[in-house]
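Read the structure below first, then the notes.
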Amino acid sequence: MVDVTKPVERPLSPHLQIYKPMLTMVMSILHRITGAALYVGTLLVAWLLVAAASSPAAYATAMGFLTSWFGKLILFGYTWALMHHMLGGIRHFLWDTGRGFGVEEREWLAKATIAGSCALTLLIWLVGWSF
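Residue numbers (this note's numbering): 1022 to 1152.
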């Protein structure tokens, strides 16, 4: 018969308190967060389109919110999330081709994703503001 009084010792599952946070780990988490944030931003775009198709009053309400300082802040964040998620997808596509798995390449791609998403967001908003 087996002695069932002694618990079986199993290894702990790795978690964030064991692993030292690395840039690529943070980028993976951020990629998931931006993907979820894009759902919310897309709801705002859908709201604007439905309001434009509904009536001038509904469109004025939607534009009133989106052109307020809070609406612009949300749209700026939506633009950054879109650019960051897009560049993260390109980074994953490069990995799918078998490239960029070295330590230096992974770090460079992560830093390029951060810098590129910030630069593209600013460029889009500067171009948009000039019109």
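Note that CB positions come from ideal geometry on N, CA and C, so glycine has one too.
Take residue i and list the residues in its own chain whose beta-carbon comes closer than 7 Å to its own, dropping the five residues that flank it on each side.
i	result
Ser1045	The amino acid at residue 1045 is misidentified as Ser; the sequence shows Thr. Cβ within range, chain order: Arg1127, Ala1131.
Phe1086	Gly1092
Can you tell me whether residue i is helix, strand or coil according to DSSP?
i	result
Pro1042	coil
Pro1028	coil
Ser1076	coil
Going by DSSP, what residue range makes up the alpha helix (DSSP H) through residue i?
i	result
Gly1123	Neither: Gly1123 is in no alpha helix (DSSP H) and is coded neither H nor E.
Phe1114	1090-1117
Phe1152	First-last for Phe1152: undefined, no H or E at that position.
Among residues of its own chain, excluding the 5 on either side of residue i, which ones have a beta-carbon nearer than 6 Å to its beta-carbon?
i	result
Ala1102	Thr1055, Ala1058, Leu1059
Met1048	Ala1131
Leu1141	Met1104
Tyr1080	Ala1072, Ala1073
Is the distance from the Cβ of residue i to the Cβ of residue j below 7 Å?
i	j	result
His1052	Gly1109	yes
Thr1134	Arg1112	yes
By Cβ distance below 8 Å, which residues in the same chain neighbour residue i in space, the five residues on each side in sequence not counted?
i	result
Trp1068	Ala1083
Ile1145	Thr1100, Met1104
Thr1118	none
Trp1116	Phe1122
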